[in-house]
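Below is one structure; the comments refer to it alone.
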Amino acid sequence: MTIKAIQEEIVDEFSMFDDWMQRYEYIIELGKLLPLIDEQYKTEDNLIKGCQSKVWVHAEEKDGNVVFTADSDAILTKGIIAILVRAFSNQSPKAILDADTDFIDEIGLKEHLSPTRANGLVSMIKQIKMYALAFQAKN
Amino acid sequence: MFDVQKVRAQFPILSQTVNGKPLVYFDNGATTQKPEVVIDAIAQYYTEFNANIHRGVHTLSQLATDAYEQARNTIQNHLNAKYNHEIIFTSGTTAGINLVANGFAKFVKEGDEVMVSALEHHSNIVPWQFLCEKTGAKLVVIPMNEQGELRMDKFEKLLSSKTKIVAVNHISNALGTINPIKQIIDKAHKVGAAVLIDGAQATPHLRPDVQELDCDFYVFSGHKVCGPTGVGILYGKENWLNALPPYQGGGEMIKEVTFEKTTYAELPHKFEAGTPNIEAGIVLGTAIDYLNGIGFDNIAKYEQELLDYATRKLLEIDGLKIYGTSENKASVISFNIEGIHPYDIGTIIDKLGVAVRTGHHCAQPIMQYFDIPGTIRASFAFYNTREEIDIFVEAVKKAQMMLT
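So the protein lines, in turn, are chains A and B. According to the UniProt record's numbering, the first sequence holds residues 1 to 139 in order. According to the UniProt record's numbering, the second sequence holds residues 1 to 404 in order.
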């Protein structure tokens with residue numbers, strides 16, 4: 001599936017909810033599906049700055065694609081990073097770099113999350129793109 | 001008679017809704033809301049007598065200068081300072097501490113000691129670290145116990161003739177502990193050390209008497225006492241303020257400037273270089289008058305009731321732990337719920353209209369002491385109510401349900 005198609009799928013899922021509580025509960029559920037980062041990669045280097053909670057993201061290359069794993073010590077943040085990993089993992093570096101992130105607005109995350117959290121979200125996306133850029137440069 | 005509903009009616013923002021819910025504002029430790037008299041006074045200043053102060057001969061400038069100096073007198077009376085030139089307008093608590101810490105380089109040398117406490121806000125740690133880096137002095141820390149109280153026994157042992165200044169807060173922003181500053185001041189003076197009290201968290205709740213306390217410096221911020229942001233006060237004893245070098249150079253703070261030599265203005269102007277935040281200074285006087293009109297005895301009594309009620313209600317929640325359990329506490333409750341990140345709770349209860357602070361509260365050493373990433377901090381003001389505490393406690397319970 002392309003990033004665009006996955007993003008549309010996520011937007012579809014979120015459109016089923018009509019209040020913030022259901023949306024948050026779903027984010028919490030999605031957090032449980034996050035491919036967890038190996039403990040050895042929970043390092044200072046993999047820690048994303050700009051979040052009140054801790055978020056680690058690790059990337060590996062597999063058959064030319066970038067595969068992300070992550071974790072967070074906060075449940076909501078874990079859900080958010082899970083959504084991003086679902087959208088961007090297993091894609092080519094170029095596809096990740098070219099992808100836009102408008103779907104974040106469409107699922108109401110930016111609007112519904114507090115400013116500090118929104119900043120964390122921006123940092124997470126930036127970090128994911130940085131990994132893609134690094135792998136692209138390497139090849 | 002203190003009537004909270006009458007008080008609330010004076011704060012327009014309190015009738016707002018947030019996320020479709022009535023606002024419950026429990027982030028008063030970060031900043032307080034403003035009563036109508038304060039909001040009106042800001043508009044009045046710009047509508048009626050905005051002009052630069054201490055310079056012009058024209059009428060508006062005179063009016064603005066008079067109002068600004070009147071505010072200084074109001075604050076002098078409020079703190080019971082001996083002279084009005086002991087009241088220095090700053091941009092806030094942080095600026096006041098930096099001014100003193102910077103100037104203290106004159107009195108501190110290698111091998112001397114500068115003392116802070118384990119309960120300090122970063123703004124009462126970092127300026128002293130700068131001082132120590134600059135002079136080679138050593139930063140010494142008064143430890144605390146599990147209740148979040150300063151260890152006075154250790155404090156006495158740490159004091160010596162090497163101690164040049166002790167900088168502690170009157171009330172801890174992260175835990176709410178009211179520190180025994182009178183004892184600290186007296187003991188520090190016995191070894192010849194000066195004492196700076198960070199009153200940022202105390203001034204919203206009580207009225208300090210700087211002569212009775214005998215502190216050398218007392219600093220606080222306008223925005224935490226129902227006044228505007230961008231203004232604060234540094235009280236300093238006359239002899240200390242005369243001895244300290246000027247902090248910033250510029251207009252207002254000079255007597256005479258030639259390219260060879262500049263002589264400085266008298267107190268308080270020596271420390272007030274440049275055009276100050278005139279409006280905020282004037283309106284800080286309005287805010288202090290407003291609080292005194294309500295009465296600090298009424299405020300303290302009512303806030304203590306809120307604190308006791310909220311503490312009791314919160315402790316009914318399974319797995320909830322309060323950090324800062326001193327007998328002497330201001331209306332601040334820092335807590336966590338077992339197994340849940342404070343940030344998750346803060347985010348969920350915001351959706352329910354409740355504003356609290358989450359995180360390390362700019363007091364990371366305290367979080368390190370308890371080995372936690374942060375806490376949820378609810379801080380109450382005299383305009384909060386029991387009903388709001390009920391809404392808050394229900395919101396926390398709902399968040400707990402969602403997050404476990």
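Here a beta-carbon is modelled for each residue, glycine too, at the ideal position from N, C-alpha and C. Note that the coordinates shown come from a computational prediction; the quantities given were computed from them, not determined experimentally.
- Under the Cβ criterion of 8 Å, GLY319 (chain B) is not counted among the residues facing chain A.
- Contact of SER123 (chain A) with chain B is not assigned, every C-beta pair being separated by 8 Å or more.
- For the stretch 24 to 39 of chain A, residues whose beta-carbon sits nearer than 8 Å to a beta-carbon of chain B comprise TYR24, GLU25 and ILE28.
- Sixteen is the threshold: since fewer than 16 other Cβ atoms of the shown chains lie within 10 Å of the Cβ of PRO245 (chain B), the residue is exposed.
- Pairing ILE104 (chain A) with ASP216 (chain B), the inter-Cα distance amounts to about 54 Å.
- In the DSSP assignment, GLU338 (chain B) falls outside any alpha helix (DSSP H) and carries neither an H nor an E.
- Within the stretch 304 to 374 of chain B, the runs of alpha helix (DSSP H) at least 4 residues long that lie entirely inside it are, in chain order, 342 to 351 and 364 to 370.
- Less than 8 Å separates the beta-carbon of ASP27 (chain B) from that of SER379 (chain B).
- THR358 (chain B) belongs to the set of residues whose beta carbon lies under 8 Å from a beta carbon in chain A.
- About 37 Å separates the CB atoms of GLY274 (chain B) and LEU23 (chain B); that is not less than 8 Å, and the two are not in contact.
- An exposed status is given to GLY339 (chain B), since fewer than 16 other beta-carbon atoms sit within 10 Å of its beta-carbon.
- With distances taken between CA atoms, ASP214 (chain B) lies nearest to B:ASN80 out of B:TYR45, B:ILE317, B:ASN80 and B:ALA265.
- Contact annotation: in the stretch 328 to 354 of chain B, residues whose CB is within less than 9 Å of a CB in chain A are ILE340, HIS341, PRO342, TYR343, ASP344, GLY346, THR347, ILE348, ASP350 and LYS351.
- Per DSSP, reduced to three states, the secondary structure at THR65 (chain B) is helical.
- Chain order gives no chain B residues near LEU47 (chain A), where near means a beta carbon separation below 9 Å; the closest approach is about 12 Å.
- When C-beta atoms of the stretch 194 to 212 of chain B are compared with those of the stretch 159 to 172 of chain B, three or more pairs fall below 8 Å, so the two segments count as touching.
- Excluding residues up to 5 positions away in sequence, HIS58 and THR69 lie with their Cβ nearer than 8 Å to the Cβ of ASP38 (chain A) in the same chain.
- Contact of LEU23 (chain B) with chain A is not assigned, every C-beta pair being separated by 8 Å or more.
- Looking at the DSSP output, ALA194 (chain B) bridges to B:ILE165.
- Put simply, the CB of MET402 (chain B) is near chain A, with a gap under 8 Å to one of its CB atoms.
- DSSP places ILE171 (chain B) in no beta strand (DSSP E); its state is neither H nor E.
- DSSP, read as helix, strand or coil, puts PRO12 (chain B) in helix.
- Note on geometry: alpha-carbon atoms of ASP18 (chain A) and VAL37 (chain B) lie some 41 Å from one another.
- For GLN22 (chain A), not one C-beta of chain B is nearer than 8 Å to its own C-beta.
- With its beta carbon less than 8 Å from one in chain A, PRO373 (chain B) belongs to the interface.
- Here DSSP, grouped into helix, strand and coil, assigns VAL141 (chain B) to strand.
- For ASN98 (chain B), the enclosing alpha helix (DSSP H) stretches over residues 93 to 103.
- Annotated three-state conformation of ARG23 (chain A) is helix, per DSSP.
- Less than 8 Å separates the beta-carbon of ILE48 (chain A) from that of GLN127 (chain A).
- For ASP390 (chain B), the enclosing alpha helix (DSSP H) covers residues 386 to 403.
- Ranked by how close their Cα comes to the Cα of SER326 (chain B), the residues B:TYR247, B:LEU307, B:GLN364 and B:TYR68 have B:LEU307 in first place.
- For THR262 (chain B), no alpha helix (DSSP H) run applies; the uninterrupted beta strand (DSSP E) run containing it begins and ends at 262 to 264, by DSSP.
- PRO127 (chain B) sits in a helix when the DSSP states are folded into three classes.
- Our two residues, TYR41 (chain A) and PHE370 (chain B), have alpha carbons roughly 26 Å apart in a direct line.
- In this structure, the CA atom of GLN304 (chain B) is about 7 Å from the CA atom of ALA330 (chain B).
- Among the residues of chain B, those whose CB is under 8 Å from the CB of ASP73 (chain A) are HIS341 and PRO373, following chain order.
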